[in-house]
Amino acid sequence: MSTAAILQAIAFVAVIALLTRPLGAYLYRVYEARPPFPATLGRLERLCYRLSGVDPSTEQGWVAYAVSLLLFSALSMLGTYAILRAQAGLPWNPQGFAGVAPDLAFNTAASFTTNTNWQSYSGESTMSYLSQSAGLAWHNFTSAAAGMGVALALARGLTRHGGPDSPRTLGNFWVDLTRSIVYVLLPSSLLIALFFASQGVLQTLAPSLELTTLEGVKQVLALGPVASQEVIKQLGTNGGGFFNANSAHPFENPTPLTNFIQVVMIFVIPAALTWTYGRMARSQRQGWALFGAMLALFLAGYGVITWAEHRPNPALAGLAVDQSAGNMEGKEVRFGVDATALFATATTDASCGAVNGMHDSFNPLGGLVPLVNIQLGEVIFGGVGAGLYGILVFVILTVFIAGLMVGRTPELLGKKIEPREMKLATIYILIFPLLVLPLTAWAAVSPAAGAVANAGPHGLSELLYAFTSGAGNNGSAFAGLDATKPFWTIGLGVDMLLGRFFMLLPALAIAGSMVGKRAVEPGPGTFPTDGWLFGALLVAVILVVGALTWFPALTLGPIVEHYLAGAGKVF
Amino acid sequence: MTRDATVTLALLVQAARLTLVTLLLTGLAYPLLVTGLAQLLFSSRASGSLVEDAKGRVVGSELVGQGFTAPGYLWPRPSAAGEKGWDPLASGGSNLGPTSAKLRARVQADVERLQKENPAAPGPVPAELVTSSGSGLDPHLSPAAARWQAPRIASARGLALERILAVIDEATEGRDLGFLGEPRVNVLLVNLAFDHRFGASPRPAPPGATGAEGR
Chain Y
102 MSTAAILQAI AFVAVIALLT RPLGAYLYRV YEARPPFPAT LGRLERLCYR LSGVDPSTEQ
162 GWVAYAVSLL LFSALSMLGT YAILRAQAGL PWNPQGFAGV APDLAFNTAA SFTTNTNWQS
222 YSGESTMSYL SQSAGLAWHN FTSAAAGMGV ALALARGLTR HGGPDSPRTL GNFWVDLTRS
282 IVYVLLPSSL LIALFFASQG VLQTLAPSLE LTTLEGVKQV LALGPVASQE VIKQLGTNGG
342 GFFNANSAHP FENPTPLTNF IQVVMIFVIP AALTWTYGRM ARSQRQGWAL FGAMLALFLA
402 GYGVITWAEH RPNPALAGLA VDQSAGNMEG KEVRFGVDAT ALFATATTDA SCGAVNGMHD
462 SFNPLGGLVP LVNIQLGEVI FGGVGAGLYG ILVFVILTVF IAGLMVGRTP ELLGKKIEPR
522 EMKLATIYIL IFPLLVLPLT AWAAVSPAAG AVANAGPHGL SELLYAFTSG AGNNGSAFAG
582 LDATKPFWTI GLGVDMLLGR FFMLLPALAI AGSMVGKRAV EPGPGTFPTD GWLFGALLVA
642 VILVVGALTW FPALTLGPIV EHYLAGAGKV F
Chain P
71 MTRDATVTLA LLVQAARLTL VTLLLTGLAY PLLVTGLAQL LFSSRASGSL VEDAKGRVVG
131 SELVGQGFTA PGYLWPRPSA AGEKGWDPLA SGGSNLGPTS AKLRARVQAD VERLQKENPA
191 APGPVPAELV TSSGSGLDPH LSPAAARWQA PRIASARGLA LERILAVIDE ATEGRDLGFL
251 GEPRVNVLLV NLAFDHRFGA SPRPAPPGAT GAEGR
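Just so you know, the protein sequences line up as chains Y and P, in that order. Residues in the first sequence are numbered from 102 upward in steps of one, following the numbering used here. Residues in the second sequence are numbered from 71 upward in steps of one, following the numbering used here.
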């Protein structure tokens with residue numbers, strides 16, 4: 102690995118580690134104590150409650166919390182569907198784009214509501230500025246805030262003192278949603294968006310600009326309010342770019358510095374939430390154990406992609422090409438291999454899905470890592486909120502397995518893990534492959550899916566990646582699909598919705614059943630969940646579950662492609 | 071109505087109202103505020119980083135690549151944005167995988183063409199000159215890929231090689247903060263610098279004569 106790649110990794114880990122505690126403490130204050138800035142942000146918060154008729158002092162049980170989340174998601178999805186369909190008649194449409202077709206509007210509305218941001222359209226040739234800002238970036242805030250709500254609810258369920266007299270509530274969805282936006286996402290987005298604008302990220306309502314290039318050719322520059330959307334797309338681990346090329350586009354991500362900040366933004370809230378969780382559990386070591394497990398898996402992924410992409414592209418083998426820069430197909434010169442590898446690792450560790458280079462053109466093992474990262478459940482820091490509730494489900498599974506090994510009833514933070522929680526955790530973990538594998542198989546045989554751009558095993562990887570990315574609510578793509586075909590718009594829309602809500606509901610149900618349990622003091626036989634041993638066991642469980650589930654499919658895709666590429670085969 | 075139905079109805083009303091409130095706040099007020107402030111503080115950057123030639127004519131954006139085919143100009147990478155490449159309304163990469171026969175054929179054709187058009191170039195073709203970027207709008211080349219073209223530019227402009235190399239070296243940007251990203255050369259800015267120092271390039275070859283503007 103090059104010196105720059107190592108320095109970049111050190112700087113990245115240092116920045117994340119240094120931000121985790123202060124931001125984690127800030128988040129704790131926002132949700133669990135007295136929120137800061139009462140005169141400004143507090144006023145805005147109270148205004149939101151007044152306008153929506155919410156009483157912030159009430160708490161909800163898991164069912165009311167879940168119903169609130171589902172209702173809000175359904176209505177906001179309808180809202181976006183309506184905006185996209187009607188954009189021709191709405192303002193901020195300087196290019197005069199027509200309304201979005203029904204199946205594409207459904208796919209896009211589902212995609213942004215579920216925090217996936219899979220994009221079957223090209224923003225610059227499909228979406229008006231209003232559709233981008235109000236239809237899509239709006240969801241970047243709300244879907245991230247909803248995910249944070251579920252994470253908080255599960256953390257409360259695990260950490261609150263239960264008992265016969267204690268209320269079995271998990272907080273208030275409206276309050277968690279509002280506070281996530283008002284205290285966390287909105288102010289930080291505003292500041293970073295201005296910094297991005299100073300670096301060359303667009304922020305204008307002017308129409309596209311036609312100019313004549315130095316050689317006298319006409320070029321039309323697509324413009325728009327990009328910076329405001331760019332920041333929340335990263336910070337909310339959403340990933341839907343203003344432009345088709347996403348963060349590879351120089352108007353979204355003009356310099357290596359903006360690129361580094363974009364990657365930091367993917368991880369910063371999920372990392373901080375591990376600290377918040379530790380604070381709620383009254384033991385910071387609980388949070389750092391999760392952080393450590395995540396960090397180890399992140400570094401492994403980064404190492405493999407960097408190594409794989411520094412190798413030459415096998416399709417170019419034997420041609421008179423100097424590939425000392427590594428595999429540059431689909432990568433930007435300003436980022437090169439290292440900064441692209443960092444972005445690709447983080448965006449798929451988390452459920453972000455933004456890209457600054459094309460994963461489809463990665464070398465076989467370089468492309469394997471993003472796919473595996475998503476398939477492990479996006480628990481390596483993970484999505485905003487989704488990462489914490491995802492890893493907590495794996496924590497429950499790990500505690501259960503450890504309990505089986507030593508023959509004791511499994512406990513987490515002193516609360517017994519019983520059959521109901523294990524069933525729910527199993528549903529959570531199984532729903533993902535149960536969606537992805539049959540749908541991929543269907544796409545491989547159904548003529549309705551259309552052709553894939555790449556033949557051979559890479560074509561199968563493209564299908565597998567699409568449904569994995571959809572159900573995992575990631576949104577990055579290997580692309581190469583005929584993604585505007587109804588098979589894909591509808592199929593992926595359903596994949597995303599089921600992947601989001603059938604994982605989030607079991608997580609909330611676990612919270613609901615855990616919150617009432619009395620926590621007992623740890624005894625000599627208690628398996629501690631806060632040390633290196635537990636962190637290592639957690640990593641092992643995540644890897645074993647992932648390997649058992651996905652290895653056969655991966656063998657037919659990227660792994661066989663790696664060996665065929667080594668033998669000089671092209672398709 | 072049962073109690074559950076009443077509660078659900080109340081939640082529905084709250085959901086509808088909060089949907090509107092968040093839409094107004096994050097979907098309209100926020101982007102408008104950012105636009106206003108960005109235009110006030112960083113107008114030229116936020117409006118596209120446009121570049122003018124010596125006559126004050128806008129010839130492009132510093133950040134968005136454009137095609138060049140004249141031998142006296144630095145040529146950019148192949149572009150997969152749009153049919154002919156370099157179309158900012160169709161940004162994107164080729165999405166060709168590492169075992170793609172199409173990719174191999176494309177690169178092979180580009181290598182043969184580049185070698186023919188750059189007979190004095192040193193060594194094999196640098197990878198970026200035959201690989202398309204992720205955006206299709208990459209404005210940069212690595213210093214090596216720029217210097218590789220210098221003999222062709224020097225002979226087209228009838229200048230000493232050193233003078234061309236000097237302009238390229240001067241325009242080379244290092245890694246950000248010393249370790250982020252890669253060293254690079256902005257193709258449009260270098261070509262403007264050539265014109266500024268040495269006079270306008272001989273007119274480009276007629277469209278279609280070479281493939282450098284497309285794949």
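We put the CB at the ideal spot given by N, CA and C, even for glycine. What you are looking at is a predicted structure, and each value in this text was computed from that prediction instead of being measured.
Item	Value
Using the C-alpha atoms, what's the distance from Y/V507 back to Y/R257?	28 Å
According to DSSP, what are the bridge partners of P/N256?	P/H210
For Y/V116, which residues of its own chain have a beta-carbon under 8 Å away from its beta-carbon, when the five flanking residues on both sides are left out?	V365
Judging by CA-CA distance, which residue of Y/T104, Y/L513, Y/A608 and Y/L374 is the nearest neighbour of Y/P123?	Y/L374
In the DSSP assignment, find the beta strand (DSSP E) that holds Y/L310 and state where it starts and stops.	L310 to T313
Does the structure place the stretch 572–581 of chain Y close enough to the stretch 453–469 of chain Y that three or more beta carbon pairs sit under 8 Å?	yes
If I measure Cβ to Cβ from Y/T650 and keep anything under 6 Å in the same chain, skipping five residues before and after, which residues do I get?	P534
Note the first and the last residue of the continuous beta strand (DSSP E) segment covering Y/V661.	Y/V661 -> not in any beta strand (DSSP E); alpha helix (DSSP H) instead, spanning V661 to G667.
Excluding sequence positions up to five away, which residues of its chain have a Cβ less than 6 Å from the Cβ of Y/P659?	P465, G468, L469 and S562
Leaving out five residues on either side along the sequence, give the residues of the same chain with a beta carbon under 6 Å from the beta carbon of P/S287.	It is not possible to answer for residue 287 of chain P, since the shown part of chain P is limited to 71 through 285.
What residues from the stretch 228–260 of chain Y come within 7 Å of chain P, judged by C-beta to C-beta, listed N to C?	S234, A235, A238, W239, F242 and T243
When DSSP labels each residue in this structure, what does Y/K516 get in the three-state scheme?	strand
According to a CB-to-CB cut-off of less than 8 Å, which residues of the stretch 570–588 of chain Y neighbour chain P?	F579, A580 and G581
Anything in the stretch 266–281 of chain Y with a Cβ closer than 8 Å to a Cβ of chain P? List those residues in chain order, please.	W275, L278 and T279
Would you list, in sequence order, the uninterrupted alpha helix (DSSP H) runs of no fewer than 4 residues that lie entirely inside the stretch 370–419 of chain Y?	385–411
Can you name the start and end residues of the beta strand (DSSP E) that Y/Q320 belongs to?	K319 to L322
Ordered along the chain, which non-local residues of its own chain (more than five positions away) have a Cβ less than 6 Å from that of Y/G402?	T446, V470 and N474
Beta-carbon of P/R285 versus every beta-carbon of chain Y: anything under 9 Å?	At P/R285 the pLDDT is 36, less than 50, meaning the model places this residue with poor confidence and gives no usable figure here.
Let me check one thing: in DSSP terms, what residues is Y/D423 bridge-paired to?	P/P196
Just mark P/S113 as buried or exposed, buried being the case when its beta carbon has 16 or more other beta carbons within 10 Å.	exposed
Let me know if Y/K334 comes out buried or exposed under the rule of 16 or more other beta-carbons within 10 Å of its beta-carbon.	buried
Listing by chain order, which chain C residues have their CB less than 7 Å from the CB of P/T89?	In the displayed structure, chain C is absent; the protein chains listed are Y and P.
Assign P/E283 to one of three DSSP states: helix, strand, or coil.	Any reading at P/E283 needs caution, since the residue's pLDDT is 40, under 50, leaving its predicted position unreliable; the model's value is listed next. Coil at P/E283, not helix or strand.
Round the Cβ separation of Y/D631 and Y/A372 to the nearest angstrom and send it over; I've been treating them as touching at under 8 Å.	So it is not a contact: roughly 17 Å between Cβ atoms.
Identify, in the order they occur along the chain, each residue of the same chain with its Cβ nearer than 8 Å to the Cβ of Y/A442, setting aside the five sequence neighbours on each side.	A106, Y403, I406, T407, E410 and G467
Y/S384 versus chain P: which residues are under 9 Å apart at the beta carbon?	Within chain P, no residue comes near Y/S384; the closest Cβ sits about 34 Å away, beyond 9 Å.
Could you round the C-beta distance between Y/L599 and Y/W219 to whole angstroms and report it? I think they count as a contact, below 8 Å.	Their Cβ separation, rounded to whole angstroms, is 14 Å, which puts Y/L599 and Y/W219 out of contact at 8 Å.
Is the distance from the Cβ of P/A214 to the Cβ of Y/A440 below 9 Å?	no
Using the Cα positions of Y/G667 and P/R267, report the straight-line distance between them to the nearest angstrom.	48 Å
State the start and end residues of the unbroken alpha helix (DSSP H) segment that holds P/E182.	A171 to E187
Under the assumption that P/L207 contacts P/G118 (Cβ atoms under 8 Å), give the Cβ distance between them as a whole number of angstroms.	About 12 Å separates the two Cβ atoms, so there is no contact after all.
Fully enclosed by the stretch 530–576 of chain Y, which alpha helix (DSSP H) runs are 4 residues long or longer?	558–572
Listed in chain order, which residues of the stretch 207–228 of chain P have Cβ atoms closer than 7 Å to some Cβ of chain Y?	L207, D208, P209, H210, L211 and S212
Residue range of the beta strand (DSSP E) that Y/E622 falls in?	Neither: Y/E622 is in no beta strand (DSSP E) and is coded neither H nor E.
Short of 7 Å in beta carbon distance, which residues of its chain neighbour P/V181, apart from the five on each side in sequence? Order them along the chain.	V195 and V200
Quick check on Y/R144: buried or exposed, where buried means 16 or more other Cβ atoms within 10 Å of its Cβ?	exposed
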